[in-house]
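Okay, structure first, notes after.
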Amino acid sequence: MPHQRPAAVVASSLLLLSLPAAAAPQWGLCEIPAAPPPKIEAIAPDTPIELAADEAYMNPAGTSVLLGDVRMWRSGQFLRADEVYYTQARDHIEALGNLRFEQDGLIVTGPAAELRLNTDNARFTAPEYEYTPRHARGAAASVDRKSPAIAVLDDATYTTCNPGDDDWLLSADRVALDRESGDGTARGAVLRFKNIPFFYTPWIRFPIDDRRKSGFLFPTIGTSSRSGFSLETPYYWNIAPDRDATMSPRLFTKRGLQLRSEFRYLNPSNDGEIELELLDDREANDQRYLAGIRHHGSPLPRVTTTIDARRVSDDQYFEDLGSSLSTTSTSHLQQRADASYQGDFWNAVGRVQAFQTVDDTLRPQADPYEQLPQILLEGGLPDRAFGLGYDLRTEWVNFAHDERVAGQRMDVDFGIERPVIGSAYFFNPEVSLRHTAYSLDETTALFTDDNITRTLPVTSLDSGLIFDRPIGGGDFVQTLEPRLFYLYAPFRAQDNIPTFDTGLLDFSFAQLFRENRFSGADRIGDANQLSLGLTSRFLNTGSGQQLLSASIGQILYFDEQAVTLPSQTAVDDDTSDLAAELALNLGERWSASAATLWDPQNDEVQRGTARLNYSGTDNRILNLSYRYRRADPQVPGLNETLRQTDIAVVWPLSPRWRALGRWNYDLEEQRDLELLAGFEYDSCCYKVRIAARRFIIGDQAEYNNGVEVQLILKGLAQLGSPLGELLERGILGYEDYD
Numbered sequence: 016m017p018h019q020r021p022a023a024v025v026a027s028s029l030l031l032l033s034l035p036a037a038a039a040p041q042w043g044l045c046e047i048p049a050a051p052p053p054k055i056e057a058i059a060p061d062t063p064i065e066l067a068a069d070e071a072y073m074n075p076a077g078t079s080v081l082l083g084d085v086r087m088w089r090s091g092q093f094l095r096a097d098e099v100y101y102t103q104a105r106d107h108i109e110a111l112g113n114l115r116f117e118q119d120g121l122i123v124t125g126p127a128a129e130l131r132l133n134t135d136n137a138r139f140t141a142p143e144y145e146y147t148p149r150h151a152r153g154a155a156a157s158v159d160r161k162s163p164a165i166a167v168l169d170d171a172t173y174t175t176c177n178p179g180d181d182d183w184l185l186s187a188d189r190v191a192l193d194r195e196s197g198d199g200t201a202r203g204a205v206l207r208f209k210n211i212p213f214f215y216t217p218w219i220r221f222p223i224d225d226r227r228k229s230g231f232l233f234p235t236i237g238t239s240s241r242s243g244f245s246l247e248t249p250y251y252w253n254i255a256p257d258r259d260a261t262m263s264p265r266l267f268t269k270r271g272l273q274l275r276s277e278f279r280y281l282n283p284s285n286d287g288e289i290e291l292e293l294l295d296d297r298e299a300n301d302q303r304y305l306a307g308i309r310h311h312g313s314p315l316p317r318v319t320t321t322i323d324a325r326r327v328s329d330d331q332y333f334e335d336l337g338s339s340l341s342t343t344s345t346s347h348l349q350q351r352a353d354a355s356y357q358g359d360f361w362n363a364v365g366r367v368q369a370f371q372t373v374d375d376t377l378r379p380q381a382d383p384y385e386q387l388p389q390i391l392l393e394g395g396l397p398d399r400a401f402g403l404g405y406d407l408r409t410e411w412v413n414f415a416h417d418e419r420v421a422g423q424r425m426d427v428d429f430g431i432e433r434p435v436i437g438s439a440y441f442f443n444p445e446v447s448l449r450h451t452a453y454s455l456d457e458t459t460a461l462f463t464d465d466n467i468t469r470t471l472p473v474t475s476l477d478s479g480l481i482f483d484r485p486i487g488g489g490d491f492v493q494t495l496e497p498r499l500f501y502l503y504a505p506f507r508a509q510d511n512i513p514t515f516d517t518g519l520l521d522f523s524f525a526q527l528f529r530e531n532r533f534s535g536a537d538r539i540g541d542a543n544q545l546s547l548g549l550t551s552r553f554l555n556t557g558s559g560q561q562l563l564s565a566s567i568g569q570i571l572y573f574d575e576q577a578v579t580l581p582s583q584t585a586v587d588d589d590t591s592d593l594a595a596e597l598a599l600n601l602g603e604r605w606s607a608s609a610a611t612l613w614d615p616q617n618d619e620v621q622r623g624t625a626r627l628n629y630s631g632t633d634n635r636i637l638n639l640s641y642r643y644r645r646a647d648p649q650v651p652g653l654n655e656t657l658r659q660t661d662i663a664v665v666w667p668l669s670p671r672w673r674a675l676g677r678w679n680y681d682l683e684e685q686r687d688l689e690l691l692a693g694f695e696y697d698s699c700c701y702k703v704r705i706a707a708r709r710f711i712i713g714d715q716a717e718y719n720n721g722v723e724v725q726l727i728l729k730g731l732a733q734l735g736s737p738l739g740e741l742l743e744r745g746i747l748g749y750e751d752y753d
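Basically the working numbering = 1-based index in the sequence shown + 15.
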């Protein structure tokens with residue numbers, strides 16, 4: 016028999032092979048879990064064919080006949096039938112009776128097949144197929160492979176459900192597949208769920224390989240008390256190999272039709288996306304929009320460019336159309352563009368930055384300053400002359416504001432250090448000189464001088480020891496790490512300097528070892544202080560895993576802290592708050608952390624956080640957290656005490672049912688901040704999620720309520736709301752693997 020490829024490789028032209036490979040965790044509830052994707056090897060034309068049969072009647076001039084359990088093998092292919100007739104003149108094979116073909120995880124069975132070896136054509140009659148890597152199966156009235164690239168299937172079906180249990184089924188009157196173009200077409204396609212047809216199209220084009228193709232995506236639906244029921248039907252446009260776009264008409268029953276679009280590009284030297292949303296809002300009686308751009312580029316070696324900008328039509332855009340608390344509580348949108356150069360020893364950044372305020376409760380005076388532009392240069396000398404390290408950071412910024420004094424600032428910070436580091440100790444003295452000059456656009460009652468300079472030295476000495484000892488028979492190590500940090504910066508009156516971008520940093524254990532208690536360059540805190548810190552860790556010597564870390568520390572003040580922000584008064588305490596932190600790993604599944612600030616002057620807790628996390632198998636999750644922050648009139652935005660809890664759970668109720676929930680609650684105001692409660696049902700071939708949602712809109716007492724439903728047909732599509740993405744963002748540790 017000639018050494019030609021058997022046309023039974025029609026496997027590659029079945030509809031199931033046009034669908035993406037599925038992740039293994041999807042099929043854990045199936046009777047026969049999906050096999051791993053097989054390694055597919057090319058078949059050489061001269062690969063020999065091995066034959067076996069109960070009887071063989073060879074006729075080189077006519078038709079050879081093989082009868083009784085006929086088997087054919089060739090390089091990973093296997094064909095079995097009751098009868099095989101081979102006509103050498105036409106290079107034609109006819110296989111009859113109990114046909115079975117196997118290759119690369121594909122199994123095709125049926126009553127008959129005809130194979131034309133010289134043209135690689137084939138026709139299967141009434142075949143049924145299984146494809147184990149995707150847990151897929153189906154049937155057809157016939158499969159006609161017209162060429163190595165083209166195949167036609169009549170009355171074809173496809174599902175990933177267990178045999179005899181077609182919870183969902185995709186069927187089509189005719190399917191044509193063209194591997195050369197990467198396209199498939201289907202006529203009379205119907206998608207059924209629980210034997211109920213819910214999607215029909217008389218004709219559809221779809222991709223059958225990894226090449227991107229233009230076409231409609233499955234719709235998404237949602238509900239919201241502020242916007243009503245929504246239906247979105249995305250259309251994907253494959254513009255070019257390096258560009259694409261998605262256009263999504265979205266209908267709100269309360270507001271009207273919104274047009275959403277996203278354009279993406281990906282080139283060797285740059286990538287990014289542009290988004291645009293347009294809505295003729297009949298509820299607000301206004302034309303509303305959102306526009307945004309994100310870009311990252313590398314136009315030259317060592318040079319990168321970044322653009323990140325969004326803008327909306329009005330302050331209530333996110334409150335009306337946002338999908339979560341984090342979105343509706345947005346107060347400012349950033350518009351920023353950077354150009355950076357990274358050298359071996361020096362880095363430079365040029366930046367322009369502006370903001371749009373989208374919180375109508377904020378006064379215009381509270382808007383952030385715009386930086387038009389900001390120029391940064393920082394680096395160090397490569398040679399450590401005399402064993403010293405030399406660092407320089409310079410910044411020039413032009414600050415703009417409509418309601419507050421504007422101007423330019425030049426800041427230069429030059430530092431010298433002499434670190435000494437050993438295996439169980441470190442010692443690092445450092446001295447720096449910082450010079451800042453201002454040129455204000457105008458003078459005011461507060462700022463009577465339009466040219467201001469400030470120069471002061473800062474001296475610090477950081478030191479620490481590391482002790483360790485074996486415990487538990489040597490399986491564990493405990494460390495004891497005392498640390499001392501002395502800081503001195505002389506007082507300079509700075510009330511005549513505006514605060515362009517400066518605020519008071521949150522105090523924490525890490526703050527004990529910083530050289531400035533303020534962010535930004537408009538305030539350099541005066542200091543004559545000594546920080547004492549102590550950390551102890553428990554480590555597993557075998558794995559290196561940290562089991563426990565506990566830290567405690569405090570600052571001793573030798574002088575008054577006289578430099579303040581405009582809203583603050585000088586602090587004359589002898590000590591800072593006592594800062595403590597704890598991190599604990601309880602095995603592979605449990606972890607806990609806590610942090611607190613204790614005010615020894617008033618004998619009260621200033622701030623505290625606590626968190627407990629459990630992460631088990633099958634997305635089994637329990638997250639508990641608590642936040643407390645006492646009101647502090649000296650700190651902007653902390654006029655009220657904050658006490659909040661956050662509980663998130665994903666827990667199995669049975670092998671198929673799971674409870675989903677998150678509850679973010681404000682104990683001070685006694686109100687829900689964000690609430691989600693629902694269930695998930697998981698079967699072999701589909702998954703259903705349903706959840707009720709409720710989240711507060713900004714600082715208002717008004718809520719946005721809705722019900723989200725998602726249907727996942729495994730191996731095919733996801734329909735409804737993107738609940739999986741919502742759970743990934745809202746529940747720490749959750750992974751949507753469908």
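Just so you know, even glycine gets a beta-carbon here, dropped at the ideal spot from N, CA and C.
Exercise. Are there 16 or more other CB atoms within 10 angstroms of the CB of TYR749, so buried, or fewer, so exposed?
Worked result: Counted from its first residue, the sequence shown places residue 749 at position 734. By the 10 Å Cβ count, TYR749 comes out buried.
Exercise. Buried or exposed: where does ARG317 fall if 16 or more other Cβ atoms within 10 Å of its Cβ makes it buried?
Worked result: The residue given as residue 317 occupies position 302 in the sequence shown. Classification for ARG317: exposed.
For this session: Look at the Cβ atom of THR458, then the Cβ atom of MET425, and state whether they are nearer than 9 angstroms.
Result: What you label residue 458 is simply residue 443 of the sequence shown in a count that begins at 1. What you label residue 425 is simply residue 410 of the sequence shown in a count that begins at 1. Going by C-beta atoms, THR458 is not nearer than 9 angstroms to MET425.
Problem set entry | Where PRO217 sits in the DSSP three-state scheme | What you label residue 217 is simply residue 202 of the sequence shown in a count that begins at 1. PRO217: strand per DSSP, three-state reduction.
For this session: Determine, using beta-carbon pairs with one atom in the segment 672-691 and one in the segment 154-173, whether at least three such pairs fall under 8 angstroms.
Result: no
For this session: Tell me whether the beta-carbon of LEU391 lies closer than 9 angstroms to the beta-carbon of ARG408.
Result: On the sequence shown, residue 391 is found 376 positions in, with the first residue counted as 1. On the sequence shown, residue 408 is found 393 positions in, with the first residue counted as 1. Yes. Within cutoff.
Exercise. Which residue's Cα is closest to the Cα of GLY77: PRO497, ALA104, ASP188?
Worked result: Counted from its first residue, the sequence shown places residue 77 at position 62. For the residues PRO497, ALA104, ASP188, the minimum Cα distance to GLY77 belongs to ALA104.
For this session: Provide the residue(s) that pair with GLY735 in DSSP beta bridges, ordered along the chain.
Result: Taking the sequence shown and counting its residues from 1, one reaches residue 735 at position 720. Per DSSP, GLN725.
Exercise. Any idea if GLY179 is buried or exposed, counting beta-carbon neighbours within 10 angstroms, 16 or more meaning buried?
Worked result: As a working mapping, residue 179 is identified with position 164 in the sequence shown. By the 10 Å Cβ count, GLY179 comes out exposed.
Exercise. If you draw a straight line from the alpha carbon of SER736 to that of GLN509, how long is it in whole angstroms?
Worked result: Locating residue 736 in the sequence shown gives position 721, where the first residue counts as 1. Locating residue 509 in the sequence shown gives position 494, where the first residue counts as 1. Cα to Cα, the separation comes out at about 54 angstroms.
Problem set entry | PHE506 to PHE533 span [Cα, whole Å] | Locating residue 506 in the sequence shown gives position 491, counting from the first residue. Locating residue 533 in the sequence shown gives position 518, counting from the first residue. If I take the Cα positions, the gap works out to 14 angstroms.
For this session: Determine the burial state of PHE213: buried for a count of at least 16 other Cβ atoms within 10 Å of its Cβ, exposed for fewer.
Result: Counting from one through the sequence shown, the residue named residue 213 turns up at place 198. By the 10 Å Cβ count, PHE213 comes out exposed.
Exercise. Can at least three beta-carbon pairs, one atom from the segment 545-560 and one from the segment 419-436, be found at a separation below 8 angstroms?
Worked result: no
Exercise. Considering only residues of the segment 336-379, which uninterrupted beta strand (DSSP E) runs meet the minimum length of 3 residues and lie entirely inside it, listed in chain order?
Worked result: 347-357, 361-372
Exercise. Which residue or residues does DSSP assign as beta-bridge partners of ASN628?
Worked result: Taking the sequence shown and counting its residues from 1, one reaches residue 628 at position 613. ASN628 pairs with SER606, ASN638.
Exercise. What number of angstroms, rounded off, separates the C-alpha of ALA460 from the C-alpha of THR590?
Worked result: As a working note, residue 460 is residue 445 in the sequence shown. As a working note, residue 590 is residue 575 in the sequence shown. Cα-Cα distance, rounded: 35 angstroms.
Problem set entry | N-terminal and C-terminal residue of the beta strand (DSSP E) that SER79 is part of | Stepping through the sequence shown from its first residue, residue 79 is reached at position 64. Run containing SER79: 78-89, per the beta strand (DSSP E) assignment.
For this session: Out of ALA525, ASN136, PRO148, ASP483, state which residue places its alpha-carbon closest to the alpha-carbon of GLN118.
Result: Position 103 of the sequence shown, counted from the start, is the residue given in the question as residue 118. Checked all of ALA525, ASN136, PRO148, ASP483; the closest Cα to GLN118 is PRO148.
Exercise. Should ALA172 go down as buried or exposed, given a rule of 16 or more other Cβ atoms within 10 Å for buried?
Worked result: On the sequence shown, residue 172 is found 157 positions in, with the first residue counted as 1. A small fix is needed here, since residue 172 is Thr in this sequence, not Ala. Buried, since its Cβ has 16 or more Cβ neighbours within 10 Å.
Problem set entry | For PHE233, three-class secondary structure by DSSP | Along the sequence shown, one-based indexing puts residue 233 at 218. Coil, per DSSP.
For this session: Provide the residue(s) that pair with GLN386 in DSSP beta bridges, ordered along the chain.
Result: Within the sequence shown, numbered from 1, the residue matching residue 386 stands at position 371. According to DSSP, GLN386 bridges with GLN368, PHE414.
For this session: Give me the Cα-Cα distance between ASN654 and LYS729, rounded to the nearest whole angstrom.
Result: For the purposes of this step, residue 654 is identified with residue 639 of the sequence shown, where counting begins at 1. For the purposes of this step, residue 729 is identified with residue 714 of the sequence shown, where counting begins at 1. Roughly 51 angstroms between the two C-alpha positions.
Exercise. Under 9 angstroms between the Cβ atoms of GLN349 and ARG325?
Worked result: Walking along the sequence shown from the start, residue 349 turns up at place 334. Walking along the sequence shown from the start, residue 325 turns up at place 310. Result yes, Cβ atoms of GLN349 and ARG325 sit closer than 9 angstroms.
For this session: Would you kindly work out how many angstroms separate the C-alpha atoms of ASP587 and LEU499, rounded to a whole number?
Result: Translated into positions along the sequence shown, residue 587 becomes position 572. Translated into positions along the sequence shown, residue 499 becomes position 484. Whole-angstrom Cα-Cα distance: 22 angstroms.
Exercise. If you run the structure through DSSP and keep just helix, strand and coil, what is ARG622?
Worked result: The residue given as residue 622 occupies position 607 in the sequence shown. Here ARG622 sits in strand by DSSP.
Problem set entry | Segment limits, beta strand (DSSP E) that includes GLN419 | On the sequence shown, position 404 is the one that residue 419 refers to. A small fix is needed here, since residue 419 is Arg in this sequence, not Gln. Neither: ARG419 is in no beta strand (DSSP E) and is coded neither H nor E.
For this session: Taking all protein chains shown into account, decide if PRO21 is buried (16 or more other Cβ within 10 angstroms of its Cβ) or exposed.
Result: In the sequence shown, the residue the question calls residue 21 occupies position 6. Caution applies to PRO21, whose pLDDT of 30 falls short of 50 and renders its modelled position unreliable; the value that the coordinates give is listed next. With 16 or more other Cβ atoms within 10 Å, it is buried.
Problem set entry | Touching by the beta-carbon criterion (3+ pairs, under 8 angstroms), the segment 738-746 and the segment 249-267 | no
For this session: State the start and end residues of the unbroken beta strand (DSSP E) segment that holds GLU109.
Result: Mapped onto the sequence shown, residue 109 falls at position 94. 107-118 is the extent of the beta strand (DSSP E) around GLU109.
Exercise. Helix, strand or coil for LEU403 per DSSP?
Worked result: Taking the sequence shown and counting its residues from 1, the one referred to as residue 403 is at position 388. DSSP places LEU403 in coil when its eight states are reduced to three.
Problem set entry | Rounded distance between the beta-carbons of SER608 and ARG622, thought under 8 angstroms | Looking up residue 622 in the sequence shown gives position 607. Looking up residue 608 in the sequence shown gives position 593. About 14 angstroms; that fails the 8 angstroms criterion.
Problem set entry | Separation of LEU168 from TRP88, as counted between CA atoms | If you number the sequence shown from 1, residue 88 lands on position 73. If you number the sequence shown from 1, residue 168 lands on position 153. Their Cα atoms are separated by approximately 25 angstroms.
Exercise. Which one or two residues does DSSP pair with VAL586 in a beta bridge?
Worked result: The residue given as residue 586 occupies position 571 in the sequence shown. VAL586 pairs with GLN576.
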